[in-house]
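If you're matching positions, the sequence shown starts at 160 in this note's numbering and goes up one per residue.
Backbone N, C-alpha and C fix where the C-beta goes; we use that ideal spot for every residue, glycine too.
Treat the numbers as computed from the prediction; the structure is a model and nothing was measured.
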Amino acid sequence: MKRKPVRKLATTLATMIIVFFVIALGLIFSESVDSSPGSDSVDLSEATGVDYSDLPKTQRFAARDGTELAYRRYESARQTNRILVLVHGSAWHGMQFHAMAGELAARGVATVIAPDMRGHGEKPVRRGDVDHSGQLEEDMADLIGHVSEGVSSPEIILGGHSSGGGFVVRFAGGTHAAKADAFILLAPFLKYNAPTTRENSGGWARPATRRIIGLAMLNMVGITALNHLDVIGFAMPQFVLSGPYGYTATRRYTYRMTSAFAPRPDYEGDLAAIDKPLLVVAGERDEAFIAEQFEPVISAQTKTGVYHVLPGVSHMGIIYGAEVLPIIEDWLGGLSL
160 MKRKPVRKLA
170 TTLATMIIVF
180 FVIALGLIFS
190 ESVDSSPGSD
200 SVDLSEATGV
210 DYSDLPKTQR
220 FAARDGTELA
230 YRRYESARQT
240 NRILVLVHGS
250 AWHGMQFHAM
260 AGELAARGVA
270 TVIAPDMRGH
280 GEKPVRRGDV
290 DHSGQLEEDM
300 ADLIGHVSEG
310 VSSPEIILGG
320 HSSGGGFVVR
330 FAGGTHAAKA
340 DAFILLAPFL
350 KYNAPTTREN
360 SGGWARPATR
370 RIIGLAMLNM
380 VGITALNHLD
390 VIGFAMPQFV
400 LSGPYGYTAT
410 RRYTYRMTSA
420 FAPRPDYEGD
430 LAAIDKPLLV
440 VAGERDEAFI
450 AEQFEPVISA
460 QTKTGVYHVL
470 PGVSHMGIIY
480 GAEVLPIIED
490 WLGGLSL
């Protein structure tokens, strides 16, 4: 007599499991990623005026999994133990910092390192993908170790722009945070629904929302086999794609990369872990983010920050314009690490 309720319960549970997977898989495969060229989001025209004729030679370091990853080094004009590592934004690579890195190094404020994060750059092993969500943090820890070799008492400042700034927040809240002594956030991405973020980052990001939800459902029950699928595309303008470096653009990210190259879902927790000097700079005319929101959102979690909103400056102007250079120079000059 007791077998009937048990059998009914088992049938109900089996049905619920089947329905769960049908919904998850239906969401995943009902949507594709749009990475077609765009022209109405972030203005990238400022990048076209940069002179790359003196671009430093690419160097490489071995990450812990044996992969050779690329970076460029801008040697400080003055002898210093200070090393500034700058992390690029989504879809591009370390070359975006060429003008800024060269100028900061020439001013002698630090030796500047501009890496191509795994999955980005000229010839990545797998473009737009990583092996697992913590791999970029491991890579950064390995890079810091590599560039610190032979430097007496190195002082590491980790900075990033846009998604790179989001990665810096993630790093600061993770297990390798002790490897950095201070942080710089240039118009950082915090989360798609953070008060700082415009809808779809002003049209730059094109998330496949249903696919993301479906993959998140599978990950909730420990299934990661489909995390290699693309979940977001970027509205890279055609003039960039047709230009001399267009082939180096990374126009799509997998679920793994999207998770790895951003703060954790509890981005406030990552921010709250920051107990070291922090500089936050954004442009008033930022197309992707709401610059005035950075200070209230970040200062609610950590009290170590110094904040600047630059009048008339756009999302990319924050790295290509001259306005930010004295701010970074003065802040670095005032650091006592």
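N-terminal and C-terminal residue of the beta strand (DSSP E) that residue i is part of
{"i": "L228", "result": "227-233"}
{"i": "H467", "result": "464-469"}
{"i": "Y412", "result": "411-413"}
{"i": "V390", "result": "389-393"}
Own chain partners of residue i with C-beta closer than 7 Å, once the 5 adjacent residues on each side are dropped
{"i": "V306", "result": "I242, I272"}
{"i": "Q294", "result": "R277, A419"}
{"i": "E482", "result": "L469, V472"}
{"i": "V284", "result": "T226"}
{"i": "S189", "result": "R369"}
{"i": "M160", "result": "Its pLDDT being 46, under 50, M160 is placed unreliably in this model, and the value from its coordinates should be taken loosely. Excluding residues within five positions, none has a Cβ falling inside 7 Å."}
{"i": "N240", "result": "V310, S311, S312, P313, E314"}
{"i": "S250", "result": "First, the residue type needs correcting, since residue 250 is Ala and not Ser in the sequence shown. Excluding residues within five positions, the ones whose Cβ falls inside 7 Å are F393, M395, A408, T409, R410."}
{"i": "E451", "result": "V468"}
Nearest neighbour of residue i, chosen from the options [CA to CA]
{"i": "I371", "options": "F179, A183, P215", "result": "A183"}
{"i": "G267", "options": "P485, R410, Q460", "result": "P485"}
{"i": "H387", "options": "Y412, E234, G373", "result": "Y412"}
{"i": "D275", "options": "R223, F188, G323, H291", "result": "G323"}
{"i": "T217", "options": "T409, S292, N240, H252", "result": "H252"}
{"i": "N352", "options": "E190, T170, S195, A421", "result": "A421"}
{"i": "T356", "options": "E488, H474, A337", "result": "H474"}
{"i": "Y426", "options": "D340, G325, M376, G480", "result": "G325"}
{"i": "S191", "options": "K167, E234, G373", "result": "G373"}
{"i": "D429", "options": "R329, A173, F180, T170", "result": "R329"}
Assumed close pair residue i, residue j - CB separation to whole angstroms, cut-off 8 Å
{"i": "L302", "j": "Y230", "result": "7 Å"}
{"i": "V201", "j": "L349", "result": "Going by Cβ atoms, the distance from V201 to L349 rounds to 17 Å, so no, they are not a contact pair."}
{"i": "T409", "j": "V390", "result": "That belief does not hold up - the Cβ atoms of T409 and V390 are roughly 14 Å apart, past 8 Å."}
{"i": "K462", "j": "F342", "result": "No, K462 and F342 are not in contact; Cβ-Cβ is about 14 Å, not under 8 Å."}
Residues of its chain near residue i, where Cβ-Cβ distance is below 6 Å and the 5 sequence neighbours each way are ignored
{"i": "V244", "result": "I272, L317"}
{"i": "H335", "result": "E296, A300"}
{"i": "G248", "result": "H320, S321, S322, G323"}
{"i": "A236", "result": "A265, G267"}
Extent of the continuous alpha helix (DSSP H) to which residue i belongs
{"i": "D301", "result": "294-307"}
{"i": "G257", "result": "Reading the sequence as shown, one finds His at residue 257 and not Gly. Here the alpha helix (DSSP H) through H257 covers 257-265."}
{"i": "L430", "result": "426-431"}
{"i": "Q397", "result": "397-400"}
Same chain, Cβ closer than 8 Å to residue i, neighbours up to 5 away in sequence not counted
{"i": "I176", "result": "none"}
Touch test, the region 435-443 against the region 458-471, Cβ-Cβ under 8 Å, three pairs minimum: yes
Would you call the region 444-456 and the region 353-363 in contact, with 3 or more CB pairs under 8 Å? yes
Would you call the region 251-266 and the region 208-219 in contact, with 3 or more CB pairs under 8 Å? yes
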